[in-house]
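Engineer: One structure is given below, represented as C-alpha cells, and several questions about it will come after.
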Amino acid sequence: MSKRIGVYICRCGGNISDYVDVDKVKGAIEKEKDVVLTKTTMFACADANQKEMEKDIQENDLDDVIVASCSPKLHLTTFRAVTVRAGLNKFNYYHANIREQVSWAHSDDKPGATENAIRVVKAAIAKMRHAKPLKPIKIHSKKAVAVLGAGVAGMRAAIALAAMDCEVYLIERNHFVGGHTAQWEELFNSEETGKNVISRLFHELLLYKNITIYTGAQVIENAGHIGDFMLKVRVEPAYIDEIPDPLEIKKAIEVCPVEVPDSFNFNLTQRKAIYRNNPEEFPEKTVIDIKNCTRCGECEKVCKSINFSQKEKIITLHAGTVLFATGFDPYTPRENEFGYSRISNVITLPQFMRLIALCDKKLIYKGKEVNKIAYVYCVGSRQPDGENKYCSRYCCTAAIFTSINVRKKYRNIANYHFTRGVRTYGKQEVYYNESLRMGDVYLQSFDHELPVVYQKGNKTLVKINDILTEQRELELEADLVVLVTSMVPREDQSTASLFKLPKGRDKFLKEIHMKLRPVETVIDGITIAGTCQGPMNIAESVNSSLSASAKAFSYISKGELELEPIVASINKNLCSWCNACYEACPFDAINKVDEGSKSYAVINNSICKGCGMCLPVCPYDAIELITYSNREIEEMIDMLAKD
Amino acid sequence: MEVEKGQTYKYLREKYEIPVEVKEQLKNYTKIKKAILDALRDHEMTIAQISELLSLSRHEVVYYLMSLIKYGFVQAGELDEMDEYYMYKRLK
Amino acid sequence: MQEAKREATFDALVVGGGIAGCEAALNIANNGYTVLLVEKDLSIGGKMILLSKVFPTLDCGACITTPKVSEIARHTNINIFTGSEVKNISLNGKHKFKASVLKNPRYVIEEDCTGCQLCEEACPVNVPDQYQYGMVGRKAAYIPFTIASPRVAAIDIENCTLCGACERVCPTKCIDFTQEKEVWAVSVKTVILATGFHLFDPLRMPRYGFGSYKNVITSMQMERHLAPTRPFHTVLRPGDGKLPDRIAYVLCTGSRDASVGNPICSQICCMYSIKQAQLLMGALPMADVTIYYIDIRAFGKGFNEFYEQAIGMGVNFIKGKIGKITEKENGNLILRYEDVSSGKLQEAEHDLVVLSVGVLPNQDSQIFFSDRSLQEDAHHFIRQPDSLLNPAKTSIEGVFVAGTATGPMDIPDSILSAGAASAEAISYIIQS
Amino acid sequence: MTAINSELAKELNEFGTFDFSACYNCGNCTAVCSLTTEDESFPRNMLRYSMVGLENDIKVSLKPWLCYYCGDCSTYCPQNAYPGELMMTLRRWLTSRYDWTGLSGLLYKSAVWNIFAFLLVAAGVIVYAAFNSFDLAEIMHGGHLFEMIAIAGVFAAILFPNIIRMWYFTIIKAGIKAPVKLYLKPIGSFFVHMFTQKRTLSCNDNKFRWFEHFILVIGYLSLLFITVFLNWFETQSLFINLLGYFVSAVVFIVTFHFIFERIRKTKEISKFSQPSDWLFVIWLFLMGITAFLVRLFIDLNILEHNIWLYLVHLIILAQWALLIVPFGKWTHFLYRSFAMYFQKIITDHSGFSGN
Amino acid sequence: MNASDKKNAKILVFSTDKISDPAIDMAGLLKLYYPVKVYTIAIPCSSAVKSRWIMHAYEKGFDGVFIAADGSDCPYDESCTEKTGLIVAKTQELMKQKDMDPARLRMSAVCSVCSEAFVRQMKSFNEYLSKSA
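Protein chains in written order, with this note's numbering: chain A, 1 to 643; chain B, 1001 to 1092; chain C, 2001 to 2432; chain D, 3001 to 3355; chain E, 4001 to 4133.
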C-alpha cells in the first residue's frame, strides 16, 4: 500500500537551522518512498504556515503529515489540529523532535546533528507508513470537582466553580478551613486582616448549595480517571454532637487536663485537647484532638454533647476533575540554624506574626519587652549549602510589612534587617520605601557569607559582613531575632502521591508549562493552584486558583470528554490465556473470555490507559499497543540504525 | 463614485494632499540607496568605509544598509581582519 | 474622511490583544461564548510576540505566542479587530455594555491578502520600522513582522506617496485606498481590559544619553537584536555596525526611581536582562556582559536558579546604579557608578549599553469610561478594589482586568491573571 | 567588629537632616557627583555611616567638606533621600565636634539657646553704650577696638584650637604621620582655595553661583579690612570711603539674592534652610546694609542724631563676631579651606608612602 | 569517516512520554551536550519495551540500548521499575545466549528533571561501548 506523506522541516527561526542543515535534511528525505511533499519553514507553528499546510494537505491529497521541529510536548496538539482542519485524522500526524533532542542537544557538532535529524525524520516517515485514522474514546464526565485543601486558594476555587454551576466537594485535612491565611492579622497589598478574608470566603461558601465542605477529611484512595475520579475520603469526627450547649463546652475546655502546643500559634502557646476554632477560623465548632486526648472523661462529666462513640467515616465521591490547593509548610529551621531552638529569643517569622497578634500594648517575648528586633532573611531559601535554591518570593515583603506594623503598634521599636538583597518586587516596593523612611536599618550580606546569630553572655548578637558599608563587619545586640523563613512544600505529600503528581526541582508540584499550561499537570484532569505549586502571596494564589477553576471547568463543562484511543489490543488467535497480562495490568483492564474450549484475553478500552505493561510479558507476543506496534517500532529502529 | 480595482490610489490622491516631508524622505532615501549601492558595485566595504566615502554618519549607514539587506539588495560578508566590522557586498 | 456605522453583539469584549487578552479571549471562547478582541496595533500578540526567548525556561517567545495567536485567529467564537480603538464604553443596565469601536482602515482587504509581500517589494518608501524600534527601515506597504497575526499587508498612509506601485503588483487586487474608518456599535455582556503597559522612555533621563549616543539602546531593542527576526544580521552596534564585545546592562532605568516619578519596581527587568545576558553569551561567545543592578529581583518559580545559572556562565553582576554615561569619540561609552560593595566610585568602558527600561501604566482604558468610574491606583494602573479575593474585578461591575493593566507582571503572572479574569467573566456571563 | 548604633541618625536629625534613611544604597549619588573620585567617594558612604552609626568614621572624615552642594545628588536621588542635605548636616555636626566649647552644637540644635545668645550679646552692647552715656564718638571708638579684639580673641581662643582639633581628628587619629614638608607644600594652594573656593567650579552647577560666592568672600574680607584696618567710619580718604560703599553694597546685594533664593526654594541647595543658614545670610546682609547706612549717615552728618543706627550695626557686628563666626556657619568657610589643605596632605602622604 | 564517528557509539534510548523524554528535552534546552548518535523512541511507559525490539536494534547495528525508565515517578504504576527490570533481565539472558555482551543493555530511572543524570549516563555508556567495540 502506498501513501502520500508530507514532511515539514522547521527552522524555528534559527533554533534548529543554526545547527542542523535543514536543506540537507530536506534533500535527504525528498526521495524517500511515499514522501510526496517536503518543505522547510521558518516557523512551522506560525499561523501563515499552518494555513499553508492545510492548503497543501488538501491540494496534494496527503494521507499523513510530519512536522520536524520542537518537542511534541509543545506543539503536537497544534499540528494535530491543523491536520484535523484539513480533513485528516489527528493520528495521521507525527511530530518529530529535532530541536530539543537534536539541534540543541548537539549544537556542538553541526554535521552530526544534521545526520541525526535526517534519521529522526526518516524514522518518523517509517512510522507514518503504518498510521491509521483512529477514533477517540468518548467518556462521560461528571460535572463535579473535588477541591483538595480549603485554604484561601481552595476556598476561592470552590466558589468560582460553584458559580459556574459545578458540584463542588471541598476537602480539608484540618478541622477548620482558612489555611495559613487564617493565622495572619494584617495582610500586605490589602486593608483587610486574614480573619476578614477567611470569614468573607467562608460565608460566601455557605451561600452555595452545590458546595459540600468536608473538614478533618483526607483523600485516602484514588481510582478512576479524568471524567470520573473515584475518591475515598476519610472523615474524622469531632467527637462532639452538633450544636452543643456553649456553656457546657466552655466548661469542658476548662476541665480538660491535657495541654499541647497550639499549632495555630506556631507553638507559642498551649491549648487543650478539646479546643474551639480560633476567631479567625471556621466553621465555628469545638473538636476533640483525639491524638492527644487521654480519655480521662473529665469533659464528659460537664458536657452532654461529648460523644466518643462517633466513628470516622469513609465516604466515596465521584468527581470529573480534581483541583489541588494543598498549600505549603513554613520552613522549620534546623537545630541551631541561626541559633534556632538553641538561643531562646530566636523565632520564625510566622511565630513572630502570631506573637504580634497575641501582644496588645507591649511586645513581650518570654517575659521581656522587645525593642530591638533583628530580621534574618532567606532562612530556608536561596541556600548556598542546603537544598532549597529557590527564592521564596513572599518573605521579603512579609517581613518588611510585619516590621512596619510592629513599629506602628508598639512604642520604641527599632528594626534591623539582615538581608541578601531586598526583593519587594512590583508595587510592594512601596513597603520597602515606607520602612526605610521610618528609619529601619537594612544590612546586606553576600550570598555565600550569611549573617551569624550567636550568644555572648546573656546577649544575643547578630553579626554580618555588610556589603553596603564597604564590607565591614557590623554587629547588633538584639532583643529578638526573627528568622524570615521560606515556604517549603508540604511535608506530607501523601495525597499528591496518590495522584502521582510530578514535582519539580524545588519539590513543589509541577505544572506542564509555566506559560502554555500553567495550572495543569501531566496527570489528565488534575489542576494545581496556590502555594502547592510554588511560593506565592495571597493575591497570586487566588489568581492561580481562579485560573485553575477556569481550566477545571473546561474539562467538565461539556459533560463529555475525549480520550486518546491509544490502548492495547490482543490478537486472540495467538492468545491462549496464560494470565500473564492480567497480572501485569495495573488498572484491571484485562478480562478473560471463554469461547467454547478456547480462552483468551480482551482489553476494556475505557479502562486501559495504554501504558503497555502487558506487552512484554506475553509469551506469545500476542499484544500490541496501538501506534506502537512491532512493525512501527522495528521499522523506526531500521531507519535510525541505517548508515 | 465607482473606483476601478487596482487604481484606487488615484481616488485617494484626489482627496488627500501628500505632505512635503514624505516626498522629501523618499527623495533622500532614493539618493542614499543609490549612493550605497554604487559604492558597493565593485568591491565589498565596511560600514566605516561607506561612511567615509559618502560623508554620512556611521549610524545612518547602519540604518540604510540594514534596510537594504532586509530588502535583498546587499548581503553581509566576512568580518574584517580586526574581527570588528563586517564587509558588505552588493547582490545581483 | 467619512465614518461608516455598523453594529454587532458578542458575549464578551476583550480590549487588548497582548498575551493576557489572547489568553482571556481563548478561555472564554473555549467555553462556548463569543468574543470580540480589539487590538490597536496591526497584529495581535502584544509585546510578547516580539520577544526573543522568555525566562526562565528560554523557550522562544514566538514558539509560545504563535500557537495561541493562531488558535485565536481561527477560533469560530472570536472576532478580531486589529488597527482598532475602543472609543467609549457605557453601561446599559446589568450585563449590558455598549462599546463604540473605531476600526481604522488598513487599505488592504484582509481576507484577500495572501501575505505574498510583492507590494512590500514594490513600495519605494523607506521609514523607520516601529516593530524593530527604529533600528532598520520598512516600506509604507508592509507586513508588520514575519509572525504577525493576521499576516496581512497594511498601508502606512502617513508615509505613503500614493504612487500606486503596490496596487499594480498585487496579485489579488486586495489593496484598496477607498477604505474608510468604520465605527462599530458593539453590545456585550462583559468587558475584559487587557490594555497592557508602556515601556519607560529613556529620553526622560538625559544623563544616560539615549537618543544622542547611538550605542545606548533599550532592552526592547536588544530583544529584537536577539530574536530570529532581528533587524541586523547579527548583534551589532547601531552607532557604527561594529560587533560589540563589552556590553553593559543598566537596570532600574525608569523604575524604583522617584526622580522620574516611578517609585515602584517593574518586576521584569532584572529577569529579562539576565535572560538577554545569557543569550548574548551564546550569540557572542567572546563578549563580556555586565549587569549593573541595585537589587536582583529573581523571585518567581525557577528565577533564582536562572540568576545563579547566569553567574555560573560568567555574567558580571555589579551592585551600583549607573549615575551617568558619557560617549567617547569611538562611540564607546563610559559608565560612572559606585561599586557599592567596595564603596568606591568607578568608571567602566563598554561598547554597547542596554537600558533595562521599566514598566509604566497604559492609561488608555481611563478614556473608555467617559464617566470616570474606572478607578486607578496610586501608580495609575487600574485599581483592584478587592485585590486579594477578586483580583480581576475593577471598580465597575462586569468589567474585569487581565495582565499588566493592573501593574507590572511577568508572562506567567499575566497568563494566570488572564485565567482569573476569564473565570470571573464566564461566571458573570452565566449569571446573566 | 563595630556595633550598629541608631542613635547617631537621631542626633543628626537634630542638626537638620531628614529622610536620608530612605536611602536604598544604589550609589547613584556618588556616581552623579562631579567632585567624587575613586579615592574620595561620597556622599553614599556618608549616608551609610550615618545610618548604621559609624560616628568615628565620620568624625575623622574630611569628605563632608569636600562637597560643595551643587545638589545633583539630591536631584537625581531615586529615593528622594536628599544626600546633599545630609552632607550639609554632617558639616554642622562636624563643626560641633571640632568646637571644644560645645557651644556650636548647642546653637545648632536649639533655637531657644540661639535667641538667648543673640539677646545676650545685644544686651551687652546696649549696656556698654549706656555705660558710655550713649556718646557716639566714645561708642564708635570702643566699637572699633572691639572689632580688633574680637577678631583676635575669637581666633586665638576658639577657631585656632578648633582647627587643631580638626587636625587631630582627621590626620592624627586617622593615623597619618606626615612629615613637615608635606605640610609646607600645599600652603600656597590653601590660600588660593580659601579665597577663591575654586573647587566649586568643578561642581556640576552654573558658574554664576561660584562667582557670587567669590565676590561675596572678596567683598566680605575687603569690608572687614576696610572697616577694621582702614577704619572706614573714621577715615577722610575719599578713595577708601567710596571703596567701603562699594564693597558693603556688594555684600548686601549678594546676600539679598541668597535670601531671595532660599525663600524661592527652586534650587536643590536652597530647598532646605536651617536656622543657622538663615542667620548667616541675614546677618551678613544686615551687616552690609547697616555698614553702608552708617557711613552714609556719617557723610550726611546725621548719625549724631541717629545713634540707634550705629548701635544696631554694632549689635549685629557683635553677634556676628561672637556667635556666627566662632560657632555658626562662618566656620564652614574656614574648615572647608583647612579640609582641602589636610586632604592634600593626606593624598600626598599616601602617594609618598605608597611609593 | 570523520573523528566523531569513531568516538560515538550508536545508542538507542527508549524514553517515556511523560517522565524521561521531558528530561531528555531539558538536556537539550540546557545545552548539556551528549553523544550525537543517541536516538530516542518515546513510548508511554518503560515497562512496555519488548525484548524483541531491543534485539532487533542490535541486529540492525545499534551498539547499545538504554531504557530511560520512569522509576518511582511512573504515572501508571509503582510496579514499573520492577517490571522494566524484569524485561532487562530477560533480554540480557537472550543476549548471553547469542554470545553478546549483556552490558550493551542498560537501564536507569530518569526522572522528569534528571537531565544531568541522563547526560552522564549517555556519556559513560558511550565510553563503554566505544571502548568495547
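Yeah, the Cβ is synthetic: ideal placement off N, Cα and C, and Gly gets one too.
Since we're looking at a predicted model, the values are computed, not measured.
Between which residues of its own chain and isoleucine 467 (chain A) is the CB-CB distance below 8 Å, once the five residues before and five after are set aside?
Structural biologist: Result list for isoleucine 467 (chain A): Gln444, Ser445 and Phe446, in chain order.
Engineer: Which partner residues of histidine 203 (chain A) appear in the DSSP bridge assignment?
Structural biologist: None; histidine 203 (chain A) has no bridge partner.
Engineer: Mind checking if asparagine 277 (chain A) is an interface residue toward chain C, Cβ cutoff 8 Å exclusive?
Structural biologist: So, not an interface residue.
Engineer: Where does tyrosine 2337 (chain C) sit, in a helix, a strand or coil, going by DSSP?
Structural biologist: The answer is strand: DSSP assigns tyrosine 2337 (chain C) an E or B state.
Engineer: Check distances from the C-beta atoms of the segment 2275 to 2306 of chain C to those of chain A and list, in chain order, the residues that come in under 7 Å.
Structural biologist: The residues in question are Asp2295, Ile2296, Arg2297, Ala2298, Phe2299, Gly2300, Lys2301, Phe2303, Asn2304 and Glu2305.
Engineer: With a 10 Å radius around its C-beta and 16 neighbouring C-beta atoms as the bar for buried, classify isoleucine 57 (chain A) as buried or exposed.
Structural biologist: Per the 10 Å Cβ criterion, buried.
Engineer: Determine the extent of the beta strand (DSSP E) in which arginine 2246 (chain C) is found, giving its start and end residues.
Structural biologist: Where arginine 2246 (chain C) is concerned, the enclosing beta strand (DSSP E) stretches over 2246 to 2253.
Engineer: Along the chain, where does the beta strand (DSSP E) containing tyrosine 416 (chain A) start, and where does it finish?
Structural biologist: Residues 414 to 419.
Engineer: Taking C-alpha atoms, which residue in A:Leu201, A:Val233 and A:Cys166 lies nearest to arginine 173 (chain A)?
Structural biologist: Minimum Cα distance to arginine 173 (chain A) is reached at A:Val233.
Engineer: For the segment 458 to 480 of chain A, enumerate the residues whose C-beta is nearer than 8 Å to any C-beta of chain D, in chain order.
Structural biologist: Those residues of the segment 458 to 480 of chain A that come within reach of chain D (Cβ to Cβ, closer than 8 Å) are Lys463, Asp466, Leu468, Thr469, Glu470, Arg472, Glu473, Leu474, Glu475, Leu476 and Glu477.
Engineer: Give me the Cα-Cα distance between tyrosine 208 (chain A) and leucine 161 (chain A), rounded to the nearest whole angstrom.
Structural biologist: Those two C-alpha atoms are separated by around 10 Å.
Engineer: To the nearest angstrom, how far is the alpha carbon of threonine 193 (chain A) from that of leucine 187 (chain A)?
Structural biologist: Threonine 193 (chain A) and leucine 187 (chain A): Cα-Cα distance of roughly 6 Å.
Engineer: What is the DSSP secondary structure of threonine 1985 (chain C), reduced to helix, strand or coil?
Structural biologist: Past the edges of chain C, shown from 2001 to 2432, lies residue 1985 (chain C), and the structure says nothing about it.
Engineer: Would you mind sorting tyrosine 3168 (chain D) into buried or exposed? The rule is 16 or more other CB atoms within 10 Å of its CB.
Structural biologist: Counting Cβ neighbours within 10 Å, tyrosine 3168 (chain D) comes out exposed, since fewer than 16 surround it.
Engineer: What is the rounded straight-line gap between the Cα of glutamate 298 (chain A) and the Cα of proline 244 (chain A)?
Structural biologist: So the two alpha carbons sit approximately 16 Å from each other.
Engineer: Considering only the alpha carbon of each residue, which of C:Cys2116, C:Asp2386, C:Asp2201 and C:Ala2421 lies closest to valine 2357 (chain C)?
Structural biologist: Selected option, being the one with the closest Cα: C:Asp2201.
Engineer: Look up arginine 2138 (chain C) in the DSSP assignment and give the residues it is bridged to.
Structural biologist: Paired residue(s): C:Val2127.
Engineer: Buried or exposed, going by whether 16 or more other CB atoms sit within 10 Å of the CB of leucine 247 (chain A)?
Structural biologist: When all chains shown are included, leucine 247 (chain A) counts as exposed.
Engineer: For tyrosine 3024 (chain D), which residues from the same chain have a beta carbon less than 7 Å from its beta carbon, with the 5 sequence-adjacent residues on both sides left out?
Structural biologist: Cβ neighbours of tyrosine 3024 (chain D) beyond the five flanking positions: Gln3079.
Engineer: When the cut-off is 8 Å and only beta carbons count, does glycine 439 (chain A) lie next to chain D?
Structural biologist: Judged by the 8 Å Cβ criterion, glycine 439 (chain A) is in contact with chain D.
Engineer: So, is the C-beta of alanine 2392 (chain C) closer than 8 Å to a C-beta in chain A?
Structural biologist: So yes, alanine 2392 (chain C) belongs to the interface.
Engineer: Compare the C-beta of threonine 4081 (chain E) against all C-beta atoms of chain A and say whether one is closer than 8 Å.
Structural biologist: No, its Cβ sits nowhere closer than 8 Å to a Cβ of chain A.
Engineer: Which residues bound the beta strand (DSSP E) around methionine 4107 (chain E)?
Structural biologist: 4105 to 4109 is the span of the beta strand (DSSP E), which, as asked, contains methionine 4107 (chain E).
Engineer: Note the first and the last residue of the continuous beta strand (DSSP E) segment covering aspartate 2386 (chain C).
Structural biologist: Where aspartate 2386 (chain C) is concerned, there is no enclosing beta strand (DSSP E), given that its DSSP letter is neither H nor E.
Engineer: Using DSSP bridges, identify the partner residues of valine 22 (chain A).
Structural biologist: Partner(s): none; valine 22 (chain A) has no beta bridge.
Engineer: One question on the structure: do isoleucine 2155 (chain C) and lysine 515 (chain A) come within less than 8 Å of each other, judged by their Cβ atoms?
Structural biologist: Against a cut-off of 8 Å, the Cβ pair of lysine 515 (chain A) and isoleucine 2155 (chain C) comes out as no contact.
Engineer: Can you tell which of D:Asn3162, D:Val3281, D:Trp3093 and D:His3144 has its C-alpha closest to the C-alpha of glutamate 3014 (chain D)?
Structural biologist: For the residues D:Asn3162, D:Val3281, D:Trp3093 and D:His3144, the minimum Cα distance to glutamate 3014 (chain D) belongs to D:Trp3093.
Engineer: Considering only DSSP beta bridges, list what histidine 95 (chain A) is partnered with.
Structural biologist: In the DSSP output, where bridge partners are listed per residue, histidine 95 (chain A) has A:Val67.
Engineer: Is the beta carbon of threonine 495 (chain A) closer than 8 Å to that of valine 219 (chain A)?
Structural biologist: Yes.
Engineer: Skipping 5 residues on each side, what residues in its chain have a beta carbon closer than 8 Å to that of cysteine 4074 (chain E)?
Structural biologist: For cysteine 4074 (chain E), where only same-chain residues beyond five positions count, the Cβ hits under 8 Å are Thr4016, Ile4019, Cys4045, Ser4046, Ser4047, Cys4080 and Thr4081.
Engineer: Distance, Cα to Cα, isoleucine 211 (chain A) vs glycine 327 (chain A)?
Structural biologist: Roughly 20 Å separates the two Cα atoms.
Engineer: Distance check for aspartate 2245 (chain C) and histidine 2379 (chain C), CA to CA, integer angstroms please.
Structural biologist: Cα to Cα, histidine 2379 (chain C) sits roughly 38 Å from aspartate 2245 (chain C).
Engineer: For alanine 478 (chain A), tell me which candidate among A:Glu449, A:Val462, A:Asp492 and A:Pro261 has the shortest Cα-Cα distance.
Structural biologist: Among A:Glu449, A:Val462, A:Asp492 and A:Pro261, the Cα nearest to that of alanine 478 (chain A) is on A:Val462.
Engineer: Would you kindly report the start and end of the unbroken beta strand (DSSP E) that includes serine 2434 (chain C)?
Structural biologist: As displayed, chain C neither begins before 2001 nor continues past 2432, which places residue 2434 (chain C) out of reach and without an answer.
Engineer: With a cut-off of 8 Å on the beta carbons, I'd call leucine 509 (chain A) and arginine 156 (chain A) a contact; round off their distance for me.
Structural biologist: Wrong, their Cβ atoms sit about 18 Å apart, outside the cutoff.
Engineer: Reducing DSSP to helix, strand and coil, say where phenylalanine 3239 (chain D) ends up.
Structural biologist: Helix.
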